[in-house]
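Trainee:
Chains as they are written, first to last, in the working numbering: chain A, 1 to 402; chain B, 1001 to 1367.
#1: Does the CB of residue 1078 of chain B have a neighbour CB from chain A at under 9 Å?
#2: To the nearest angstrom, report how far apart residue 60 of chain A and residue 101 of chain A are at their CA atoms.
#3: Apply the 10 Å Cβ neighbour rule to residue 1362 of chain B and answer buried if 16 or more other Cβ atoms are within range, or exposed otherwise.
#4: Would you mind reading off the limits of the beta strand (DSSP E) that contains residue 175 of chain A?
#5: In three-state DSSP terms, what is residue 1263 of chain B?
#6: On a Cα-Cα basis, can you pick out the residue from A:297, A:195, A:24 that is closest to residue 186 of chain A?
#7: Give me the Cα-Cα distance between residue 1062 of chain B and residue 1323 of chain B, rounded to the nearest whole angstrom.
#8: Note down the Cα distance separating residue 1160 of chain B from residue 1077 of chain B, rounded to an integer number of angstroms.
#9: Mind checking whether residue 1292 of chain B and residue 1240 of chain B have CB atoms under 9 Å apart?
#10: In the DSSP assignment, the alpha helix (DSSP H) including residue 1103 of chain B goes from what residue to what residue?
#11: Between the alpha carbons of residue 1233 of chain B and residue 1117 of chain B, how many angstroms are there, rounded?
#12: Buried or exposed for residue 106 of chain A, going by 16 or more other Cβ atoms inside 10 Å?
#13: Can you give me the Cβ contacts of residue 104 of chain A inside the same chain, cut-off strictly under 8 Å, excluding the 5 residues immediately before and after it?
#14: Taking residue 362 of chain A as the reference, which of B:1215, B:1266, B:1009 has the closest Cα?
#15: Which residue from A:364, A:174, A:310 puts its Cα closest to that of residue 263 of chain A?
#16: Which residue or residues does DSSP assign as beta-bridge partners of residue 261 of chain A?
#17: For residue 267 of chain A, which of helix, strand or coil comes out of DSSP?
#18: Could you work out which residue in B:1236, B:1023, B:1164 is closest to residue 1112 of chain B when comparing CA atoms only?
#19: Just tell me which of B:1296, B:1281, B:1100 has its CA closest to the CA of residue 1172 of chain B.
#20: Residues of the region 147-170 of chain A with a CB closer than 9 Å to any CB of chain B: list them in chain order, please.
#21: Given this structure, state the Cα-to-Cα distance separating residue 202 of chain A from residue 80 of chain A, to the nearest angstrom.
#22: What did DSSP end up calling residue 1309 of chain B once you bin it into helix, strand or coil?
#23: Let me know the alpha helix (DSSP H) ranges lying completely inside the region 266-317 of chain A, each 4 residues or longer, listed in chain order.
#24: What are the boundary residues of the beta strand (DSSP E) that includes residue 345 of chain A?
#25: Using 9 Å as the limit for Cβ to Cβ distance, is residue 328 of chain A near chain B?
#26: Between residue 365 of chain A and residue 319 of chain A, what straight-line distance do the alpha-carbon atoms span, to the nearest angstrom?
#27: Which class does residue 1219 of chain B belong to by DSSP, given the choice of helix, strand or coil?
#28: Leaving out the 5 sequence neighbours to the left and right, which residues in its chain are closer than 8 Å to residue 1143 of chain B when beta-carbon positions are compared?
#29: From residue 94 of chain A to residue 268 of chain A, what does the alpha carbon distance come to, in whole angstroms?
#30: Quick one: which residues of the region 1192-1209 of chain B get their C-beta closer than 9 Å to a C-beta of chain A? List them in chain order.
#31: What does a CB cutoff of less than 6 Å around residue 340 of chain A pick up in its chain, not counting 5 residues either side in sequence?
#32: Can you list the alpha helix (DSSP H) stretches of 4 or more residues lying completely in the region 40-126 of chain A, in chain order?
#33: On the criterion of 16 or more Cβ atoms from any shown chain inside 10 Å, does residue 117 of chain A qualify as buried, or is it exposed?
#34: Give the DSSP bridge partners of residue 186 of chain A, in chain order.
#35: Between which two residues does the alpha helix (DSSP H) harbouring residue 169 of chain A extend?
#36: Residues of chain B with CB closer than 8 Å to the CB of residue 116 of chain A, please, in chain order.
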């Protein structure tokens, strides 16, 4: 590439050479050559790496292949959403890891969005202290590595919280100690499954109602509630399902019994440290995304809304946010993906996410290629599927240009 | 009866719109919600700040005295741990008597970084200096020549390692990123697809998996018995990772250049590479400086992950410094706060620069 350029460089402008397909002067021919060379180089590189890997594996006596997935894993996992014990095979251990990763990522995305949106909007507050706190929050949390934040949260949990025996409690319902955070949960009965089904039906009904209301609005100009009424429909169907199931009201309340917490549900300090670290870090970035989105709406729009007699709240909801959302969504997706990828740092504090499980499996079996391939595959799948969904939404939300 | 002139009363003076009282009124007590927020926050501050100040200042132990710290544990902070361990935290396990070498090397690197941030130095010779500084840095750190003792890379650590991984990671990634960004916009399908696969593959996985790859797989990829040092492997990993992100940033800059300029250059008879080098890249790269800076900040923070593959940069050096010494182990939180401050100062300064340069570069386009 460089030769062709160097010879032509000193010549100055000259009439373009006539196109001859087999000549070096033909752009199409050069393009073809470059591509063949690039593909050949990459193919050779890959072959070379694979060749070396096989040779190295032979020299070190490393076995390869995914057959180890069926062998018993032999290690315990601190927390798991599905039943698992040390005798279960590796594939089940990986499944537990993936579930743990998704759990912390999903909860983290929801909480970080709420916190980030609140802080981003807080940057526009009329109150100087609120503005200042939001600004300081953003600058502090996004300028400190998330790994250190995770480690500090974990240190706070295991160092500064009271031990299990004298757990701090709030009204006898919530307990905080070195063992984690315990909270009451309803006792699971089929009524909650019915309530879940009810919620799903409610979402469908609310969707249909919204479509109907929008059509009515466009035909008659009659405004109907587009937010509260659909929400009400969803809740009503959920409650209906719960009532059909017999309206159970039993709650399982945590109670400290010596060294264990009886009843209720609890989150381990590892989970909480990962969650809080990721949420506080990502919320700082999300708030900047939200702030930039709101700031991108031309100020004339606010003034126009004001002159039409819309209140500040109405102007925000009906004029600013719908336009800001188009700017917000693409970078917001990136932040969601970052949060998911950063959840891999859980390995540093021993939360059993997929990286941590793969790391253990790697150390036990020595199958580095396979374990790292699994990690990458899990994150690639999550990333690419999230992008697909978000691109679809983004296309829907984009301004329809003529 | 003669009308007696009675003046109507004077209007009250207008409400002041400047000064302290007016500022307080409009910024703290503008309406009910604002007043409530102000009062709630002040109450919360009264509740939180005194105990925090007591811990951090009033009852804090400043001397490096483990017994005094132990006595104040839980009541006051032990800043003595930093007075005692700061050299270990900043320089890691580097031999004490040679610590001027990482010091000089880091200052050299930071100085070059500062110079690179100044617009009037954006000249071709800057790239030459960068190429020259890399061997000088490795010579100073590694030694073995010119009468400098040889220091194996597993003793390198602390801030020099953090700065080095971030700076070299970005510096090496930059040419790669420019090529990949050009490739992704090329109209040669094979080259375009290769670039897309590389960028999307790397951006889809977390840095930690790339570091695992550098640590476990690179030794397998190379000929038997010829595995480079772990530091080099990690640096390659970081470069590949940063390259994908930088490529997207550079591509953003390339897209901002109007197609008419490329067409005009072609009309003048410039070749593809001449067009890119003389017309497109100078404009596009100036546009993406804030993006590159942000990506540098991200990599600077992300270097903390190399602790997980046992390289002792700032975060790792802290654990190493405190875990190895039972007297000081309980005061980890103070140590963490210290490195938080170090990271914050670096990242905050860089983000301010990024904002400033963004305004400067945008100045020519503002009317």
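Every residue gets a Cβ at the ideal spot worked out from N, C-alpha and C, and that includes glycine. Predicted model only: the values in this text are computed from it and were never measured.
Mentor: In terms of the structure at hand:
#1: Position 78 of the second chain, counting from 1, holds the residue named residue 1078 of chain B. No, residue 1078 of chain B lies away from the interface with chain A (no Cβ there is under 9 Å from its Cβ).
#2: Taking the first residue of the first chain as 1, we reach residue 60 of chain A at position 60. Taking the first residue of the first chain as 1, we reach residue 101 of chain A at position 101. Roughly 33 Å separates the two Cα atoms.
#3: Within the second chain, numbered from 1, the residue matching residue 1362 of chain B stands at position 362. So residue 1362 of chain B counts as exposed.
#4: Indexing the first chain from 1 puts residue 175 of chain A at position 175. Where residue 175 of chain A is concerned, the enclosing beta strand (DSSP E) stretches over 174-177.
#5: As a first step, residue 1263 of chain B is located in the second chain; it is residue number 263 there, counting from the start. Here residue 1263 of chain B sits in helix by DSSP.
#6: The count along the first chain starts at 1 and reaches residue 186 of chain A at position 186. Among A:297, A:195, A:24, the Cα nearest to that of residue 186 of chain A belongs to A:195.
#7: Here the question's residue 1062 of chain B lines up with position 62 in the second chain. Here the question's residue 1323 of chain B lines up with position 323 in the second chain. Going from the Cα of residue 1062 of chain B to the Cα of residue 1323 of chain B covers about 21 Å.
#8: Mapped onto the second chain, residue 1160 of chain B falls at position 160. Mapped onto the second chain, residue 1077 of chain B falls at position 77. So the two alpha carbons sit approximately 27 Å from each other.
#9: Translated into the one-based positions of the second chain, residue 1292 of chain B becomes position 292. Translated into the one-based positions of the second chain, residue 1240 of chain B becomes position 240. The answer is no: Cβ separation not under 9 Å.
#10: Residue numbering aside, residue 1103 of chain B sits at position 103 when the second chain is read from its first letter. It spans 1100-1116 - the alpha helix (DSSP H) in which residue 1103 of chain B sits, taken as one unbroken run.
#11: Within the second chain, the letter at position 233 stands for residue 1233 of chain B. Within the second chain, the letter at position 117 stands for residue 1117 of chain B. Using only the alpha carbons, I get a separation of about 28 Å.
#12: Walking along the first chain from the start, residue 106 of chain A turns up at place 106. Per the 10 Å Cβ criterion, exposed.
#13: In the first chain, the residue the question calls residue 104 of chain A occupies position 104. Around residue 104 of chain A: 271, 274, 275, 278, 343, 346, 351, 353.
#14: Taking the first chain and counting its residues from 1, one reaches residue 362 of chain A at position 362. The shortest C-alpha separation from residue 362 of chain A is found at B:1215.
#15: Against the first chain, residue 263 of chain A aligns to sequence position 263. Of the listed residues, the one whose Cα sits closest to residue 263 of chain A is A:174.
#16: Along the first chain, read from residue 1 onward, the residue named residue 261 of chain A stands at position 261. Answer by DSSP bridge pairing, in chain order: A:256.
#17: Counting from 1 along the first chain, the entry for residue 267 of chain A is found at position 267. Correct three-state label for residue 267 of chain A: strand.
#18: Counting from one through the second chain, the residue named residue 1112 of chain B turns up at place 112. Out of B:1236, B:1023, B:1164, B:1164 has the C-alpha closest to the C-alpha of residue 1112 of chain B.
#19: Within the second chain, residue 1172 of chain B is the residue found at index 172, counting from 1. Comparing Cα positions, the closest option is B:1296.
#20: 147, 148, 149, 151, 152, 155, 156, 159, 160
#21: Reading the first chain from its first residue, position 202 is the one you call residue 202 of chain A. Reading the first chain from its first residue, position 80 is the one you call residue 80 of chain A. One C-alpha to the other measures close to 31 Å.
#22: Taking the second chain and counting its residues from 1, one reaches residue 1309 of chain B at position 309. In the structure shown, residue 1309 of chain B sits in a helix (DSSP, three-state: H, G or I).
#23: 269-296, 299-307
#24: For the purposes of this step, residue 345 of chain A is taken as residue 345 along the first chain, with counting starting at 1. No beta strand (DSSP E) contains residue 345 of chain A, which DSSP labels as neither H nor E.
#25: For this step, residue 328 of chain A is matched to residue 328 along the first chain. Not closer than 9 Å to any Cβ of chain B, the Cβ of residue 328 of chain A fails to qualify, so no.
#26: Residue 365 of chain A sits at position 365 when you count from the first residue of the first chain. Residue 319 of chain A sits at position 319 when you count from the first residue of the first chain. Cα to Cα, the separation comes out at about 58 Å.
#27: Counted from its first residue, the second chain places residue 1219 of chain B at position 219. Helix, per DSSP.
#28: Against the second chain, residue 1143 of chain B aligns to sequence position 143. Around residue 1143 of chain B: 1098, 1101, 1149, 1150, 1151.
#29: As a working mapping, residue 94 of chain A is identified with position 94 in the first chain. As a working mapping, residue 268 of chain A is identified with position 268 in the first chain. Taking the straight line joining both Cα atoms gives about 20 Å.
#30: 1194, 1200, 1201, 1203, 1204, 1205, 1206, 1207, 1208, 1209
#31: Against the first chain, residue 340 of chain A aligns to sequence position 340. The residues are 105, 382.
#32: 90-122
#33: Residue mapping note: residue 117 of chain A aligns to position 117 of the first chain, counting from 1. So residue 117 of chain A ends up on the buried side.
#34: What you label residue 186 of chain A is simply residue 186 of the first chain in a count that begins at 1. Per DSSP, A:251.
#35: Residue mapping note: residue 169 of chain A aligns to position 169 of the first chain, counting from 1. Premise fails: residue 169 of chain A lies in the beta strand (DSSP E), 168-170, not in any alpha helix (DSSP H).
#36: Here residue 116 of chain A corresponds to residue number 116 of the first chain, with the count starting at 1. Here the premise fails: no neighbours, minimum Cβ distance about 18 Å.
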